[in-house]
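Per my numbering, residue 34 is the first one in the sequence shown, and the count goes up by one each step.
Since the structure comes first, as structure tokens, the remarks are kept for the end.
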Amino acid sequence: MIWDVDLSVRAWLGSYLPPGVPVVFDPPDRCAQLTGERVSAFLLDVEEDSSGVSASWDDLRDATGQVTGRRPPGRRYRFDYLLTAWGADTEREHRLLGDLLVGCAGCTALPVRFLAGVLARTNQSVVVRSAPRREGATGSAWVAHGGAARTGLHLQLLVPFVPEASTDLAPAPREVSVNSAGRHGGAAASRATRRPGRISEAG
């Protein structure tokens, strides 16, 4: 799943960059040792975001209404990327970051045409947040990787994940007996046989 997100991010960000400028996922210290222009989309962390996500299971039914499977609750994960540009000079790097900022600011969700792998099959939006407020995050990232401070742009994605449905279900009951008390306290027992999966009460 992480690689599918990476591929989607690469295709999407690349559409805002000049031809020939690649999007890589190398950490900052490795990019500093390379030559040539590039944009690094370094994945800082991945965390589950449970806000607004349903906790209930979903029943899957066939054309007759019979339950054929049950799907666990969906999940959503927050992907935080640190975008940095690497070029001949600071001015060029700022131009590349500016192109990305303009593109990200005008997008609330990843365009469908850029979604790869499992993201393309979920039929759900991947929410985009460009430059969200994150106290101290940029400085901490550079200190952790032993690099000199440089300008970075934070990109946050809310990525949905739809688990596989379980089809290992118990068979539907073929016959159910229901006892009900009579008007004068006597017990009246009845047995009803119905089509599979149908339960009715006789009383």
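Glycine residues also receive a C-beta, built at the ideal position from the N, C-alpha and C atoms.
In this text, all values refer to a predicted model and were calculated from it rather than measured experimentally.
Count the other CB atoms within 10 Å of the CB of residue i; is the residue buried (16 or more) or exposed (fewer)?
{"i": "L67", "result": "exposed"}
{"i": "A74", "result": "buried"}
{"i": "R154", "result": "exposed"}
{"i": "T123", "result": "exposed"}
{"i": "W45", "result": "buried"}
{"i": "P51", "result": "exposed"}
{"i": "T117", "result": "buried"}
{"i": "V176", "result": "With a pLDDT of 44 at V176, under the threshold of 50, the predicted position of this residue should be treated as unreliable, though the coordinate-derived value follows. That one is exposed."}
{"i": "V145", "result": "exposed"}
{"i": "S173", "result": "Confidence at S173 is low in this model, with a pLDDT of 49, below 50, so the placement of that residue is unreliable and no value is reported for it."}
Since residue i is in the alpha helix (DSSP H), which residue starts that stretch and which ends it?
{"i": "P61", "result": "P61 to C64"}
{"i": "E70", "result": "Unbroken run through E70: none, as it is neither H nor E."}
{"i": "A153", "result": "V151 to R154"}
{"i": "L116", "result": "L116 -> not in any alpha helix (DSSP H); beta strand (DSSP E) instead, spanning R108 to W119."}
{"i": "R183", "result": "Careful: R183 lies outside any alpha helix (DSSP H) and carries neither H nor E."}
{"i": "G131", "result": "T123 to A138"}
{"i": "R43", "result": "I35 to G47"}
Taking C-alpha atoms, which residue in the options lies nearest to residue i?
{"i": "R10", "options": "W36, S48 and E126", "result": "Here the chain comprises residues numbered 34 to 236, so residue 10 is not present and cannot be evaluated."}
{"i": "R109", "options": "W45, G47 and E80", "result": "E80"}
{"i": "I35", "options": "S48, L77 and G69", "result": "L77"}
{"i": "G107", "options": "V38, N156 and G69", "result": "N156"}
{"i": "Y49", "options": "P165, A164, A138 and R166", "result": "A138"}
Are the CB atoms of residue i and residue j nearer to each other than 9 Å?
{"i": "F194", "j": "V151", "result": "yes"}
{"i": "L134", "j": "L186", "result": "yes"}
{"i": "W119", "j": "R43", "result": "no"}
{"i": "L191", "j": "Y114", "result": "no"}
{"i": "G41", "j": "L143", "result": "In the sequence as displayed, the identity of residue 41 is Ser instead of Gly. It is a contact, given that the beta carbons lie within the stated cut-off."}
{"i": "V54", "j": "G47", "result": "yes"}
Tell me where the beta strand (DSSP E) around residue i begins and ends.
{"i": "T97", "result": "It is not in any beta strand (DSSP E) - T97 carries neither H nor E in the DSSP assignment."}
{"i": "S163", "result": "V160 to S163"}
_Pairs of beta-carbons, one from the region 53-65 and one from the region 149-160, closer than 8 Å: are there three or more?_
no
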